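Reading through the structure tokens given below for one structure.
2 protein chains.
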Amino acid sequence: MKYLKETENPKVTVDVVIFTIEGAVLKILLVKRGLEPFKGAWALPGGFVKKGENLAEAAARELKEETGVYGAYLEQLYTFGAPSRDPRGRVITVAYFALMHRKKFKIEASSDASEANLFSVSSLPKLAFDHEDILEYALMRIRNKIQYTNAVWSILPENFTLGEIQNVYEIIWGRKTDKRNFRKKILSLGLLKPAGKMKKGFRQRPAKLYAFKTKKYVELKRFF
Amino acid sequence: MKYLKETENPKVTVDVVIFTIEGAVLKILLVKRGLEPFKGAWALPGGFVKKGENLAEAAARELKEETGVYGAYLEQLYTFGAPSRDPRGRVITVAYFALMHRKKFKIEASSDASEANLFSVSSLPKLAFDHEDILEYALMRIRNKIQYTNAVWSILPENFTLGEIQNVYEIIWGRKTDKRNFRKKILSLGLLKPAGKMKKGFRQRPAKLYAFKTKKYVELKRFF
DNA sequence: TGAATAGTGTCTTTCAGACAATATGCC
DNA sequence: GGCATATTGTCTGAAAGACACTATTCA
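Here the protein sequences line up with chains A and B, keeping their order. Sequential numbering from 1 applies to the first sequence in this note's numbering. Sequential numbering from 1 applies to the second sequence in this note's numbering.
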């Protein structure tokens, strides 16, 4: 018979994996912890859920505090609750991930963190807590998710070329794909509409601009 | 400026949607609440996470307490944390779902619940808390998940015929599908192996028995 | 005219979906 | 023989994947 039978009052946090693309590289925002535990280590932005606050609201608040942006694509990822994941005691974290367009936000260290920075997901520092697990899970999820949803809308500008959206997919997947096949596929999903404008002014052939029909979450049917 | 800025110490529960098939109908296990709030109402089995206990362990413990079974397919579903979801105060619940073979468990009311029963998912009583939302989400997830994983292993006996596994899929999906196409597809997934035995002793042609190659979680690749 | 990217079509293979006749064991 | 279920193959249409050349702008 176990002797640890009592319940406890855990603390509950949200942590947010904020993906963005900078210099053709997939990056995430990390903050340097200003307090113990893991003081000085890099960690995912996050914090305690406040009174009267939904989990998604808490995640959106963290996102806003770190990037100044409200209204990006934000999805609950998974809840991590190993008893020893936080040395202060029982802390259960509900992880979210978000996709941000790099030009839409400024990086400013918030009051909680002494420093904030973007890191390429392919060369990260050692992370605090179990944040490496969270990130791994987030990468798996986003790589799958963009195949059958409109989730990438918030990592792109309002209007974009097919070349640009293809770059986003390739950067997230970490592999190249055929241009003709990609265009056929992305258009056949029916998520895009022509913006009726052209991207001009570069020394190359101008490209048609597209936009997402909606920024509301759309999930395409996949059946057996 | 908001005035509810303090954090709080929420309580954390796990709730488990236990799916099974009985009489060719998809059912879930519900317990009648013996205590307030929602005393006398039907609810998903669940309870507080205990000290030193993983979330998945807590879910497995609840599953075991309610059905006597340890080791079924069990997956974290989503975390529900609306501030008003529990009238007692802030309670965040991490929902799990499980698939059980009906013959492997007995229904016994546990100490927490005055009564436990299976209900068809198509004719449920009114549920306590936000458990209807949880169930809806679980149904969506399981209907998708069985298309590219071996999740159904624990709702089937060790060895089963292709007819039996087709029945399971049809019951979970709530629709019929062509026998020849189903067999082609399920075998092409590569998750099954012939058990080398036949299901005999019925007044009909004997059927080959199959088994899952593994009960470890397998997720098939789906790429663009 | 050269650099850079946009834009486009065909063929092959694979997979999904529609569709029906024969086989086997047991009563 | 009759009942009940098992087992099997073909055709068609859609989508995936391989593959290469021409078009346009601007420096």
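Beta carbons are placed, not taken as given, at the ideal position from N, Cα and C, and that holds for glycine. Every value quoted in this text rests on a predicted model; they were computed, and no experiment measured them.
Taking the alpha helix (DSSP H) that residue i falls in, what are its first and last residues?
i                 : result
Phe182 of chain B : 179–188
Met198 of chain B : Looking at the DSSP string, Met198 of chain B is not in any alpha helix (DSSP H); the run it does join, the beta strand (DSSP E), is 192–199.
Gly174 of chain A : That residue, Gly174 of chain A, is in no alpha helix (DSSP H); it is neither H nor E in DSSP.
Glu158 of chain B : Per DSSP, Glu158 of chain B belongs to no alpha helix (DSSP H) and is neither H nor E.
Ile134 of chain B : 131–145
Considering only their Cβ atoms, is the gap separating residue j from residue i smaller than 7 Å?
i                 : j                 : result
Thr161 of chain B : Ala207 of chain B : yes
Tyr78 of chain A  : Ala60 of chain A  : no
Glu170 of chain B : Lys179 of chain B : no
Ile155 of chain A : Val168 of chain A : yes
Val91 of chain B  : Pro45 of chain B  : no
Leu74 of chain A  : Tyr148 of chain A : no
Leu127 of chain A : Leu29 of chain A  : no
Asn159 of chain A : Leu209 of chain A : yes
Val12 of chain B  : Pro10 of chain A  : yes
Lys216 of chain A : Trp153 of chain A : no
Phe48 of chain B  : Thr7 of chain A   : yes
Ala72 of chain B  : Val14 of chain B  : no
Lys39 of chain A  : Glu115 of chain A : no
Arg85 of chain B  : Phe129 of chain B : yes
Beta-carbon within less than 7 Å of residue i's beta-carbon, same chain only, minus the 5 sequence neighbours each way: which residues are those?
i                 : result
Tyr69 of chain B  : The question names Tyr, but residue 69 of chain B in the sequence shown is Val. Counting only Cβ-Cβ distances below 7 Å, and skipping sequence neighbours, we find Leu63, Met100, Lys104, Phe105.
Leu191 of chain A : Asn150, Phe212, Lys213, Val218
Arg88 of chain A  : Pro37
Leu139 of chain B : Val121
With burial defined as no fewer than 16 other Cβ atoms inside 10 Å of the residue's Cβ, what is the status of residue i: buried or exposed?
i                 : result
Phe224 of chain B : exposed
Phe80 of chain A  : buried
Pro83 of chain B  : buried
Ile107 of chain A : exposed
Glu136 of chain A : exposed
Pro125 of chain A : exposed
Leu26 of chain A  : buried
Glu132 of chain B : exposed
Glu22 of chain A  : exposed
Ala24 of chain A  : exposed
Leu35 of chain A  : exposed
Whose C-beta lies closer than 8 Å to the C-beta of residue i among residues of the same chain, with five residues either side of it excluded?
i                 : result
Ile142 of chain A : Phe19, Phe97, Leu99, Ala151, Ile172
What residue does the beta strand (DSSP E) around residue i start on, and which one ends it?
i                 : result
Val94 of chain B  : 91–100
Leu209 of chain A : 207–212
For residue i, which residues from the same chain have a beta carbon less than 6 Å from its beta carbon, with the 5 sequence-adjacent residues on both sides left out?
i                 : result
Lys2 of chain B   : Low local confidence applies: a pLDDT of 43 at Lys2 of chain B is under 50, so the model's placement there is unreliable, with the coordinate-based value given in what follows. Contacts found: none.
Lys197 of chain A : Leu209
Let me know the beta strand (DSSP E) ranges lying completely inside the segment 45–75 of chain B, each 3 residues or longer, listed in chain order. Secondary structure within the segment 45–75 of chain B: the beta strand (DSSP E) runs of 3 or more consecutive residues, fully enclosed, are 46–48 (chain order).
What residue ranges within the segment 2–39 of chain A form continuous beta strand (DSSP E) runs of no fewer than 3 residues, ordered along the chain? You should have 11–22, 25–33.
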